[in-house]
Amino acid sequence: MISIILPTKNEPLVYDLIEEIAKIMKELKRPYEILAIDDSDDNTFMNLELSEARAIKQTSNGLGGAIIEGFNNANGNLLITMDADLSHRPEYIPELIDKSEKGFDIVIGSRREPGGKIIGWNFTRKIISAGANFVARYIAGIKVSDVTTGYRLYKKDAINDLCLNELKSKNYSFQLEILARAERKKLEIGAIPIVFYNRKRGKSKLSKKEIFSFLITAIRIRLTKIKSFKFFPTIDKR
Ligand SMILES: Nc1nc2c(ncn2[C@@H]2O[C@H](COP(=O)(O)OP(=O)(O)OP(=O)(O)O)[C@@H](O)[C@H]2O)c(=O)[nH]1
Ligand SMILES: [Mg+2]
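For the sequence shown, position 185 matches number 184 in numbering that gives the first Met the number 0, and the numbering has no gaps at all.
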């Protein structure tokens with residue numbers, strides 16, 4: 000079973016996305032389910048209930064919280080996460096699955112592999128994304144080509160060991176921290192190139208606070224890689 004997990008927060012196009020995913024999955028002839036973990040205050044939840052997706056009201060906080068709730072509620076052995084604003088085209092789902100079946104535990108849809116690209120971003124957005132990837136590579140030491148992409152496939156068995164419920168990052172930086180944990184556990188991480196389309200409707204949830212917390216997470220990952228370093232050294236009371 001393949002579980003497609005959509006974190007949604009005020010996404011007016013999610014109904015269209017679900018129809019497109021369903022069409023692709025029916026052509027693939029593989030059992031699937033679509034789950035939407037919703038934290039909206041507009042009519043997104045109502046649209047989700049009209050769709051074939053399983054709509055779940057988010058009880059945790061942030062994007063990371065939504066993805067973990069998706070993992071915890073999914074029945075599949077392959078878990079695919081996608082943004083719900085039509086930036087991630089469902090046509091890549093079969094390629095993600097093919098790549099995972101070649102032996103990868105995690106497959107990312109990367110905009111930074113040859114053949115991948117981003118359509119419609121302004122200069123500022125490109126700088127933010129390049130900066131995030133720079134920080135991830137040179138501060139956190141993550142080797143993946145596109146750390147901020149939310150288009151990913153995870154094998155459930157492989158990520159069971161990552162203790163995700165204990166993750167500190169509940170927001171966007173979740174995307175970085177899960178990769179750091181996967182690299183530490185020596186999971187096989189692969190990538191396929193994707194073309195990413197800027198959202199046409201709805202608002203971005205990426206705020207300055209999220210960008211700052213991404214940087215802090217990268218520094219925390221770097222520090223925990225320095226073996227003897229402890230944030231709060233325990234005092235020996237003997
Ligand atoms: N459930 C839930 N979903 C969220 C939350 N924050 C973001 N999302 C969803 O996560 C996905 C990614 O968020 P976006 O705002 O598209 O982030 P982005 O793609 O970096 O920003 P844009 O390029 O402007 O679209 C979207 O489907 C959002 O609706 C949250 O706190 N809870
Ligand atoms: Mg988006």
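Backbone N, C-alpha and C define an ideal beta-carbon position, used for all residues, glycine too.
With respect to the C-alpha of Lys25, the residue from Asn9, Lys116, Pro6, Glu51 having the closest C-alpha is Glu51. Taken in chain order, the unbroken stretches of beta strand (DSSP E) that lie wholly in the segment 73-125 and span 3 residues or more are 77-80, 105-109, 116-118. Contact annotation: the segment 125-140 does not touch the segment 148-163, with fewer than three C-beta pairs closer than 8 angstroms. One residue list follows from the rule of a beta carbon closer than 6 angstroms to any heavy atom of ligand 2, given in chain order as Asp82, Asp84, Ser86, Arg198. Where Val194 is concerned, the enclosing beta strand (DSSP E) starts and stops at 194-196. Counting only runs of 4 or more residues that sit fully inside the segment 3-71, the alpha helix (DSSP H) segments are 13-27, 43-49, in chain order. Sequence-distant Cβ neighbours of Glu209 in its own chain, meaning closer than 8 angstroms and more than five residues away, are Asn170, Tyr171, Ser172. Distance from the C-beta of Glu10 to the nearest heavy atom of ligand 1 is below 8 angstroms. Your pair Ile118 and Tyr196 checks out as a contact, with CB atoms roughly 5 angstroms apart and the cut at 8 angstroms.
Under the DSSP assignment, Leu205 falls outside any beta strand (DSSP E); it carries neither an H nor an E label. In this structure, the beta-carbon distance from Ile92 to Leu5 does not fall below 9 angstroms.
DSSP lists Val106 as the bridge partner or partners of Gly189. The continuous stretches of beta strand (DSSP E) do not include Leu175, which lies in the alpha helix (DSSP H) extending over residues 173-183.
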